[in-house]
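Student: Residue numbers (the working numbering): 1 to 333. Glycine included, C-beta positions come from ideal geometry on N, C-alpha and C.
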Amino acid sequence: MSSTTGMFAIANPRIAVTRRIPEPALELLRETADVWVSPHDRPLDTDELHRAIAGADAAVTLLHDRVDAACLDAAGPQLRCVANVAVGYDNIDARAAAQRGVIVTNTPGVLTDATADLAMALILNVTRRLGEGERRIRSGRPWSWDMFFLLGHGLAGKTLGVIGLGAIGQATAHRARAFGMEIVYSARRRALPDVEQALGGARALELDELLARAAVVSIHCPLTPQTRHLIDARRLTLMDSDAYLVNTARGPIVDERALAQALRAGSIAGAALDVFEHEPAVHPGLLELDNVVLIPHLGSATIETRTAMAVLAARNAIAVLAGQPPPTPVSPG
Ligand code: GLV
1 MSSTTGMFAI
11 ANPRIAVTRR
21 IPEPALELLR
31 ETADVWVSPH
41 DRPLDTDELH
51 RAIAGADAAV
61 TLLHDRVDAA
71 CLDAAGPQLR
81 CVANVAVGYD
91 NIDARAAAQR
101 GVIVTNTPGV
111 LTDATADLAM
121 ALILNVTRRL
131 GEGERRIRSG
141 RPWSWDMFFL
151 LGHGLAGKTL
161 GVIGLGAIGQ
171 ATAHRARAFG
181 MEIVYSARRR
191 ALPDVEQALG
201 GARALELDEL
211 LARAAVVSIH
221 CPLTPQTRHL
231 IDARRLTLMD
241 SDAYLVNTAR
251 GPIVDERALA
261 QALRAGSIAG
271 AALDVFEHEP
281 AVHPGLLELD
291 NVVLIPHLGS
301 ATIETRTAMA
311 VLAARNAIAV
321 LAGQPPPTPV
331 SPG
């Protein structure tokens, strides 16, 4: 494995940006490098991606770009940095990158609040059936105020089960506390006592117990080989028939087919998904159901957050090309 410390600055570097990013980030990159930006307003296919980053000293990539060993080899031995404009980096083979002396960076922190806001919005949306209500009005079918019309569930006094208590999981839990929820969580490591205390005495539980206890389960762990299909058919049966599942992390953490079956059978009350197993495709079984909220990967989708993410990615690439430590490198795992 090559060492990434003490790297020298690259003269006249070339940076490939695989899809348009906010202008402030491009301006920063152009100050120090020759920048190529994909002219396509879509993800590059594999051949295009390989050609796009061939000869680049740094690549600024998006979460739909698969940066595997073949891609890194296609880039060439001069590649120093892959700066992913996302906190998740399951699209990058970080180990293969480290073996080639390529530093991988991500964009933690700057999207925490936007993503937690969206998770909370989805929790409220699915428990109060807002999507169903909106569809009902747009359908033109008559309706009137009625004591029993589109009743949902309140949150106060209920338990939020947070899977993965990192920055976004904690920020979501803080929001849920403001709605009167109790917090339980499941994580690789137990949180520090002051983190648990700040969340009203959040309790660490084994995942199966969390699923059995929580009224709302919100997923905030990274996608890794260990978390792929973490929520599968068996685990869905542990949830209460009045409980809801919310996923703003990565689609493949949930077995989408099993989820569609559980929602259809009413073995859980509802789900809200910002991410999908085979993004951008959505399991057809979900599209037919009313008790699932489906939105197109909008967790970080505010102008401020996307700009901050792109600028952080640019700073990462620039630092590496200048031979300096980048602000937010990922660990090769
Ligand atoms: C978005 O999904 C991200 O990982 O930043």
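#1: Give me the Cα-Cα distance between Arg175 and Leu165, rounded to the nearest whole angstrom.
#2: How would you call Ile15, buried or exposed, if buried means at least 16 neighbouring beta carbons within 10 angstroms?
#3: From the DSSP output, read off the bridge partner residues of Ala271.
#4: Report the three-state DSSP secondary structure of Arg129 (helix, strand or coil).
#5: Could you tell me the alpha carbon to alpha carbon distance between Leu79 and Thr328, rounded to whole angstroms?
#6: Between which two residues does the beta strand (DSSP E) harbouring Val320 extend?
#7: Based on Cα-Cα distance, which residue from Asp57, Asn84, Trp143 lies nearest to His64?
#8: Determine which residues share a DSSP beta bridge with Trp36 and list them.
#9: Short check: CB of Ile183 to CB of Ala202, under 8 Å?
#10: Assuming the contact rule is C-beta atoms closer than 8 Å, Pro326 and Ala98 should be a hit. Round their C-beta distance to whole Å, please.
#11: Check for me: the beta strand (DSSP E) holding Ile163 runs from which residue to which?
#12: Just verifying my parser: in three-state terms, what is the DSSP assignment at His297?
#13: Using the C-alpha atoms, what's the distance from Asn106 back to Pro87?
#14: For Leu286 versus Ala260, is the C-beta distance shorter than 8 Å?
#15: Do the CB positions of Ala366 and Val104 come within less than 8 Å of each other?
#16: Inspect the CB distances between the region 118 to 128 and the region 241 to 259 and report whether three or more fall short of 8 Å.
Tutor: In short, the structure shows the following:
#1: Residue 175 sits at position 175 when you count from the first residue of the sequence shown. Residue 165 sits at position 165 when you count from the first residue of the sequence shown. Computed Cα separation, rounded: 13 Å.
#2: In the sequence shown, residue 15 corresponds to position 15, counting from 1. Classification for Ile15: buried.
#3: As a position in the sequence shown, residue 271 is number 271, starting the count at 1. Looking at the DSSP assignment, Ala271 forms a beta bridge with Leu245, Val292.
#4: In the sequence shown, counting from the first residue as 1, residue 129 sits at position 129. Of the three classes helix, strand and coil, the one that applies to Arg129 here is coil, per DSSP.
#5: Residue 79 sits at position 79 when you count from the first residue of the sequence shown. Residue 328 sits at position 328 when you count from the first residue of the sequence shown. So the alpha carbons of these two residues sit roughly 18 Å apart.
#6: Position 320 of the sequence shown holds residue 320. Val320 -> not in any beta strand (DSSP E); alpha helix (DSSP H) instead, spanning 303 to 321.
#7: The residue labelled residue 64 in the question sits at position 64 within the sequence shown. Nearest C-alpha to His64: Asn84.
#8: The sequence position of residue 36 within the sequence shown is 36, counting from 1. Ala16, per the DSSP bridge assignment.
#9: By 1-based counting over the sequence shown, the position of residue 183 is 183. By 1-based counting over the sequence shown, the position of residue 202 is 202. Their beta carbons are under 8 Å apart, which means Ile183 touches Ala202 by this criterion.
#10: Position 326 of the sequence shown, counted from the start, is the residue given in the question as residue 326. Position 98 of the sequence shown, counted from the start, is the residue given in the question as residue 98. At roughly 14 Å, the Cβ-Cβ gap does not stay under 8 Å, so Pro326 and Ala98 are not in contact.
#11: Working through the sequence shown from its first residue, we reach residue 163 at position 163. Taken as a continuous stretch (DSSP letters only), the beta strand (DSSP E) holding Ile163 covers 159 to 163.
#12: Within the sequence shown, the letter at position 297 stands for residue 297. In the structure shown, His297 sits in coil (DSSP, three-state: anything other than H, G, I, E or B).
#13: One-based indexing of the sequence shown puts residue 87 at position 87. One-based indexing of the sequence shown puts residue 106 at position 106. Before going on, a small fix: residue 87 reads as Val here, not Pro. Answer to the nearest angstrom: the Cα atoms are 5 Å apart.
#14: Locating residue 286 in the sequence shown gives position 286, where the first residue counts as 1. Locating residue 260 in the sequence shown gives position 260, where the first residue counts as 1. Closer than 8 Å, so yes.
#15: As displayed, the chain neither begins before 1 nor continues past 333, which places residue 366 out of reach and without an answer.
#16: yes
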